[in-house]
Amino acid sequence: MIQVAYARHFEAARVVRLCAGQIDAPQPRLVLAFCGGKHAPDEVLAQLRSAWPDTPVVGGSAAGAIGYDGFGYSGLELIVAAFNDPDITPRALIETGLDNGDFAAGERLGRQVAAAARPGATVLLLFDSVAVPGQFQLHHASSIVEGFEAGLQGLPVQLIGGGLLTDMNLSDGWLFDGAQVRKHAAAALVFPSTVAASTVVLHGCRPVSTFMEITRIDGAEVFELDHEPALTVIERMLGTTLGGGEGHDLSLLATLGQKHGDPFAPYNEDDYVNRLILTSNRAQGSITLFEPDFRAGAKVQIMSRDNSLMLQSVRDGVARANAGIDPATALLNIYIDCAGRASARSGAHLEEAELVVKNLNRSVPLIGFYSGVEIAPFEGYSRPLDWTGVLATLRRN
Amino acid sequence: MAGDPASSLERELNYYRRECNDLGARLLRLQEEQSQAFREARRSRTLVKLLREAYRLGDVGTSARDVGGPMLELVVDNALCDRAAFLREEPCGSGQFLIVHAIGLPASALTAVVAVASPPSFFYTSSREREEGAHPVLAVLDVPFVLWAYDRATGHALVIGNRSEGNVNRPFEVGDQELIEGALSIYLDVLNRKHAEAQLRQAKQMAETAIAAKAASLHALAEAVQRPLEAIASLAVRLAEKHQSACAVEVQRHAAEIQAIVARAVEAPDEVAAPAPLSLEWLAADDVVRAALRTTYADCLRRGVEVNARMPRRPIAMLADQQHMRDAVHNLILGVLDMTPSGGTIRVELSRRGDGGMELFICNRLPGPLPPDFPGTVEGVRPGADVSALVFARKAVDAHGGTLIFEDTGNGLSQARMLLPPDNIRDIDLTTTRPRN
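Same order as they appear, the protein sequences are chains A and B.
So for the first sequence, this note's numbering puts the first residue at 6; every next one is plus one.
So for the second sequence, this note's numbering puts the first residue at 1088; every next one is plus one.
Following this line, the structure appears as structure tokens:
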């Protein structure tokens, strides 16, 4: 049995007390916790450890939290899931050192998982998204996941996950590793083979350009599209300058999408992997994407964030998730929601998280958080996604 | 070549590509403009949302000291800022501010004293605009962009801050004055309300303590006078039986009434000490007077006293407790009746005063010289009158903010004048239903 509690309060002790008061278990086997970034992480963790002294606490910062009892992104929310049944409690594996290389840390974590997991195991990957606080330099999920896949050495797992942020401005991030607060760390929660997951990805972008070829790229920095400076192409499309005059501020106005499968097949949101444009560099004429996983020669399209499409995708996706839920075996819904989809950022007239909360089958508990990046199965393997909501339902096999 | 099919196809493809990109760009801009418009609309609703949630907060049982934290939480949630703090100038006018509540600040910052020379009522900082004297505030909040409001009269200030001007934030601007000053003003309102509630609670507690003390004292006094009163009462009975004196009868009657009051004071001193609460409503004044006249009619008839009543031509309404006011008028009529021998007349006159208030005038007219044993007058109220009833009437009128004047004209005539203030009086709109009596 998994119990979930949500609360919002400006005092760390109080918000933990409010959550702990809703959990009817004196000593859960593991607590998964996502905490708003305005709280002092050490204080929150100390309070959580005080509420459940012998229980490991895994999770970390979140730009906001989403539960049936409330959702928000003030930075003062806390949501916890308490795992009481040993048969469904995940094992938490931790790896630090993302600051010394995302791929390498991901690979080490993958090796740990390979040693602990059975084939097909469900793994929840959480990691600190921010490499340099306040500088828009991220720990790239695609590098971590590539390293993770390499470390697995062929072991198939069902990987879902999200990047941890303190707020929507990507100011910082941190992780609870069970007993401590960690920076530059990742956690893999490996579920027993008795637990499986089904996943629905909720989108919200549509293509607004023809295909363009990435003709020069270095990591996440795209220099040229169709041999023109990428920034020129994007700004021409947007009709505005990106990120203010200096171009160093967070943009997030548009995304680049790579379509998989038949490029000329009718539009299907599930065919796209989108990358938000994080910053731009006017001197170089380049744009920097959230992830460094696009390659030279890739055909991409400029994608527009479409709020009505996003809300419709949520309605459809939640209906698909509900149709797949068997209340007899379902254990927990996990919603990993891109922070940019929140109304304050997207300008949507409805909170898409509210649609999830209202329409999801309430017989299954829900723990959700606003993330920096989402990881979900895509075309047979898992990869990071931008501007999506990943709704996973854990069930007993 | 124009006639080359491949070239023609290429040209057509380029045309559709341009059109597609152009339409896509327009769609993208429209989407962004729509999002931008909604985000601005969301910001403009912030103050209203804050107002609604803050006053809801004021309704729950938070004390004045504890209201700052939840209030700041509302500010942060609605303004989506990185940091926020309420500050209080100590002492008022010194420019030295203490941080009384904060969100997003490290614990070490909470002990800082923020010195703002000549604090302005409003300022902000942005990448384009700097404010002289803002530096201490920026240093404590440890962010480059702040929005500040200060209430000179109370010495309270509210400041919110952001690390950046992009993404969910935008640069602070003059238009944000309404938000920050509104938020501070709402906080001060809720704070004042909480202070007033605390004072009311304290006053209530003091009143309850005073009533308890008064009840105890009353109880002791009542016990002390009970025995001598019984002696007076039995003496009066004997005098009345022996001499058939009207005065003795009166003394006997009043002794019995006082005995009843004393007995009640002994049994339930709390009830006697605590004033009964008023239930105020708008009543037709003439209806109240007529109701009192009906209840005294039988007594007047039995005593051979005629009653003449005159009501105003234009009906008036009074804000009063129906039961208390009717009893007060009833007691006043009976009080004058007590002073009126058989054959006399009582005049009851209700009128609107020049200042907008109301006057109820009750007086008697004697048929001739008073009988020799008719009680004399003392301090405006004849001892023959039912003193406790008149005391009740006076208290009732006082409780309504009015005045009750007993007048002795010196020629055996008695008159009572009840005045109610203009705030308690209004015209009755004859086109609508009369106030309920």
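Beta carbons are placed, not taken as given, at the ideal position from N, Cα and C, and that holds for glycine.
Just so it is clear, the structure is predicted and the values come from calculations on it, not from any experiment.
Check: Using Cβ-Cβ distances below 9 Å, what residues of the segment 1190 to 1217 of chain B are close to chain A?; Outcome: I1190, G1191, P1193, A1194, S1214
Check: Hey, B:L1492 and B:M1405: beta-carbon distance below 7 Å or not?; Outcome: Here the sequence assigns Ile to residue 1492 of chain B, which means Leu is not the residue at that position. In this structure, B:M1405 does not lie closer than 7 Å to B:I1492 by Cβ.
Check: Is there a Cβ of chain A sitting closer than 7 Å to that of B:N1101, yes or no?; Outcome: no
Check: Is the number of C-beta pairs between the segment 1201 to 1210 of chain B and the segment 1285 to 1295 of chain B that are closer than 8 Å three or more?; Outcome: no
Check: Interface residues of chain B around A:L143 at Cβ under 7 Å?; Outcome: Within chain B, no residue comes near A:L143; the closest Cβ sits about 14 Å away, beyond 7 Å.
Check: Does DSSP classify B:R1400 as helix, strand or coil?; Outcome: coil
Check: Taking A:N327 as the reference, which of A:R400, A:V118, A:S198 has the closest Cα?; Outcome: A:R400
Check: Flag B:S1150 as yes if its beta-carbon sits less than 7 Å from any beta-carbon of chain A, otherwise no.; Outcome: no
Check: Hey, out of A:Q263, A:R346, A:F132, whose CA is closest to A:S214's CA?; Outcome: A:Q263
Check: Which residue marks the beginning of the beta strand (DSSP E) containing A:V137, and which one marks its end?; Outcome: 135 to 137
Check: Can at least three beta-carbon pairs, one atom from the segment 186 to 194 of chain A and one from the segment 117 to 136 of chain A, be found at a separation below 8 Å?; Outcome: yes
Check: Quick check on the DSSP output: the beta strand (DSSP E) that includes A:S387 runs from which residue to which?; Outcome: 386 to 390
Check: Span of the beta strand (DSSP E) holding A:N402?; Outcome: First-last for A:N402: undefined, no H or E at that position.
Check: Just to make sure I have the definition right: I need the residues of chain B whose C-beta is within less than 9 Å of the C-beta of A:N312. Which are they?; Outcome: Q1118, Q1121, S1122, F1125
Check: Is A:A397 near A:A202, with beta carbons less than 7 Å apart?; Outcome: yes
Check: For B:S1131, would you say it is in contact with chain A, using Cβ-to-Cβ distances shorter than 7 Å as the test?; Outcome: no
Check: So what's A:V186 in DSSP terms, helix, strand or just coil?; Outcome: strand
Check: From what residue to what residue does the beta strand (DSSP E) around A:L81 run?; Outcome: No beta strand (DSSP E) contains A:L81, which DSSP labels as neither H nor E.
Check: Three or more C-beta pairs under 8 Å: does that hold for the segment 59 to 73 of chain A against the segment 82 to 100 of chain A?; Outcome: yes
Check: Would a C-beta distance cut-off of 7 Å place B:F1232 and A:H354 closer than the cut-off?; Outcome: no
Check: So, with DSSP's three-state summary, where would you put A:S147?; Outcome: helix
Check: Let's test the definition: count the other Cβ atoms within 10 Å of the Cβ of A:C40 and tell me whether it reaches 16, buried, or not, exposed.; Outcome: buried
Check: I want to verify the contact list: residues of chain B whose CB lies under 9 Å from the CB of A:K188, in sequence order.; Outcome: Within 9 Å Cβ-Cβ: nothing; A:K188 doesn't reach chain B, min ~16 Å.
Check: Does DSSP put A:G250 in a helix, in a strand, or in coil?; Outcome: Low confidence applies here, because A:G250 scores a pLDDT of 46, under 50, leaving its location unreliable and the question unanswered by this model.
Check: With distances taken from CA atoms, which of A:G329, A:D275, A:V305 is nearest A:F383?; Outcome: A:D275
Check: Rounding to the nearest angstrom, what Cα-Cα distance links A:V362 and A:I71 in this structure?; Outcome: 8 Å
Check: Tell me whether the beta-carbon of A:C343 lies closer than 7 Å to the beta-carbon of A:T293.; Outcome: no
Check: Along the chain, which unbroken stretches of the alpha helix (DSSP H) at least 4 residues long are found entirely within the segment 1347 to 1427 of chain B?; Outcome: 1356 to 1360, 1372 to 1389, 1409 to 1425
Check: Quick check: the Cα distance between B:L1225 and B:V1246, rounded to an integer number of angstroms?; Outcome: 10 Å
Check: So, is the C-beta of A:S79 closer than 7 Å to a C-beta in chain B?; Outcome: yes
Check: Counting only beta-carbon separations shorter than 7 Å, does A:G252 have a partner in chain B?; Outcome: Reliability of the predicted coordinates at A:G252 is poor, the pLDDT of 42 falling under 50, and no value is obtained from them.
Check: Taking just the CA atoms, how far does A:P124 sit from B:L1115?; Outcome: 44 Å
Check: Are any of the Cβ atoms in chain A nearer than 7 Å to that of B:V1230?; Outcome: no
Check: Nearest CA to the CA of B:T1241: which residue from B:H1188, B:S1304, B:L1174?; Outcome: B:L1174
Check: Please confirm if B:D1153 has its CB atom under 7 Å from at least one CB of chain E.; Outcome: Included in the structure are the protein chains A and B, with no chain E among them.
Check: Taking the alpha-carbon of B:F1259 as reference, which of B:I1449, B:E1218, B:G1430 has the nearest alpha-carbon?; Outcome: B:E1218
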